[in-house]
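Novice: Mapped onto UniProt numbering, the consecutive letters of the sequence shown carry residue numbers 1 to 243.
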Amino acid sequence: MPHGIFVANASTEPSIWITDVGQGPYGHTIKQYTTSGKLIRILGSPGEAGSSVTPLQFDQPAEIFVHSSGDIYIVDGDGGLNNRLIKLSKDFEVIWMHGGKGIGQGQFNIPHSVAVDKYDRVWVADRENKRIQVFSAISGEWLGSWSSCFFEDGPYSVRFTSDQKYIIIARLNINEIMLLKAPPVGEIGLCNIISSIKMADGIKPHLVDIDINTQDFYVAEIGAQQAQKFVPYFWGFIFDIFI
């Protein structure tokens, strides 16, 4: 069952990565495809949930982020055995890893989405802990967390606008898209809400992605079973033009 999708190297040699959270013979894997749909590789052990790093195994991997350097970031644990963030090299070797179910630094309760900013910080939507945790992409060091914005519902998706000034967050249970101010290099600071979009009841925005060329963003909605497109309007505000 496909869950997360990421288009890597969109301007050069694009490929499509899909996380598979299914329980069947092909599940618990991450698959890479060409843009024409040809399967290139599979990460994980098809049909086998696990926590091993040699060989690499997953249990319901939620999302993947492929950096322009080729490094890969995976949040593994959409309700499965694992609650972890894994960094792989472009050669698919484990560089560092954080994990374990809990509320402490570097622990997660359903890490559901991951993104890397231009300052080499890794942002993880720690869904059921109702917070975002931030790590150094280089060392894996824990840099901080945001929770003050998420009392009502945890973050389901985290993405940066292409200018890296804002962070777009989906909150499924309250049918909301949030626009947060992205902190500059240095201290993470406190969560700062710029704007929000309240959607109709039952829409259930699940995951978000950005068009890096236009800053348009797309919301996958599991309640409405549709994708919705939004475009920038003017600084700090966004509106819907297409369903």
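For every residue, glycine included, the Cβ atom is placed at its ideal position computed from N, Cα and C.
Going by beta carbon distance, what residues of the same chain come within less than 7 Å of residue 185, once the five residues before and after it are set aside?
Specialist: Hits under 7 Å: 119.
Novice: Is it the case that the Cβ atoms of residue 39 and residue 92 are separated by a distance below 9 Å?
Specialist: No, these two residues do not count as a Cβ contact at 9 Å.
Novice: As a quick exercise: from 190, 116 and 227, pick the residue whose alpha carbon is nearest that of residue 144.
Specialist: The candidate whose alpha carbon is nearest that of residue 144 is 190.
Novice: Rounded to a whole number of angstroms, what is the C-alpha to C-alpha distance between residue 149 and residue 192?
Specialist: Straight-line Cα distance between these residues: approximately 8 Å.
Novice: Which residue wins for smallest C-alpha separation from residue 210, given the options 8, 141, 3 and 194?
Specialist: It is 8 whose Cα lies nearest to the Cα of residue 210.
Novice: Rounded to the nearest angstrom, how far is the Cβ of residue 169 from that of residue 178, given a contact under 8 Å?
Specialist: About 4 Å separates the two Cβ atoms, so the contact holds.
Novice: Tell me whether residue 243 sits in a helix, a strand or coil according to DSSP, three-state version.
Specialist: Bear in mind that a pLDDT of 48 at residue 243, under 50, signals an unreliable position, so the number given afterwards is only what the model happens to contain. In the structure shown, residue 243 sits in coil (DSSP, three-state: anything other than H, G, I, E or B).
Novice: Taking residue 15 as part of the beta strand (DSSP E), name the residues at either end of that continuous run.
Specialist: Where residue 15 is concerned, the enclosing beta strand (DSSP E) stretches over 15-20.
Novice: Helix or strand or just coil, what does DSSP make of residue 231?
Specialist: DSSP places residue 231 in strand when its eight states are reduced to three.
Novice: When the distance is taken between beta carbons, is residue 88 closer than 9 Å to residue 56?
Specialist: Yes. Within cutoff.
Novice: Rounded to whole angstroms, how far is the Cβ of residue 208 from the Cβ of residue 162, which I believe are closer than 8 Å?
Specialist: So it is not a contact: roughly 13 Å between Cβ atoms.
Novice: Whole angstroms is fine: what's the gap from residue 47's alpha carbon to residue 194's?
Specialist: Approximately 42 Å between the Cα atoms of the pair.
Novice: Which ranges would you report for the beta strand (DSSP E) in the UniProt repeat "NHL" (99-138) if only whole runs of at least 3 residues count?
Specialist: The qualifying runs are 111-116, 121-126 and 131-136.
Novice: Reducing DSSP to helix, strand and coil, say where residue 188 ends up.
Specialist: Note: residue 188 maps to coil in three-state DSSP.
Novice: Quick one: what does DSSP say residue 155 is sitting in, helix, strand or coil?
Specialist: Residue 155 falls in the coil class under three-state DSSP.
Novice: From residue 154 to residue 124, what does the alpha carbon distance come to, in whole angstroms?
Specialist: Approximately 11 Å between the Cα atoms of the pair.
Novice: Can you say whether residue 198 is buried or exposed, counting buried as having 16 or more other CB atoms within 10 angstroms of its CB?
Specialist: With fewer than 16 other Cβ atoms within 10 Å, it is exposed.
Novice: For residue 141, which three-state DSSP category applies?
Specialist: Here residue 141 sits in coil by DSSP.
Novice: Roughly how many whole angstroms lie between the Cα atoms of residue 36 and residue 151?
Specialist: If you take the alpha carbons of residue 36 and residue 151, they lie about 42 Å apart.
Novice: Residue 142 and residue 98: beta carbons closer than 9 Å?
Specialist: It is a contact, given that the beta carbons lie within the stated cut-off.
Novice: In the DSSP assignment, the beta strand (DSSP E) including residue 205 goes from what residue to what residue?
Specialist: 205-210 is the extent of the beta strand (DSSP E) around residue 205.
Novice: Determine whether the Cβ of residue 202 lies closer than 9 Å to any Cβ atom of chain C.
Specialist: Given the protein chain composition of this structure (a single chain), no chain C is represented.
Novice: With DSSP as the reference, label residue 93 as helix, strand or coil.
Specialist: Three-state DSSP puts residue 93 in coil, outside helix and strand.
Novice: On a Cα-Cα basis, can you pick out the residue from 24, 103, 104 and 139 that is closest to residue 94?
Specialist: Comparing Cα positions, the closest option is 139.
Novice: What span of residues does the beta strand (DSSP E) with residue 47 cover, start to end?
Specialist: Per DSSP, residue 47 belongs to no beta strand (DSSP E) and is neither H nor E.
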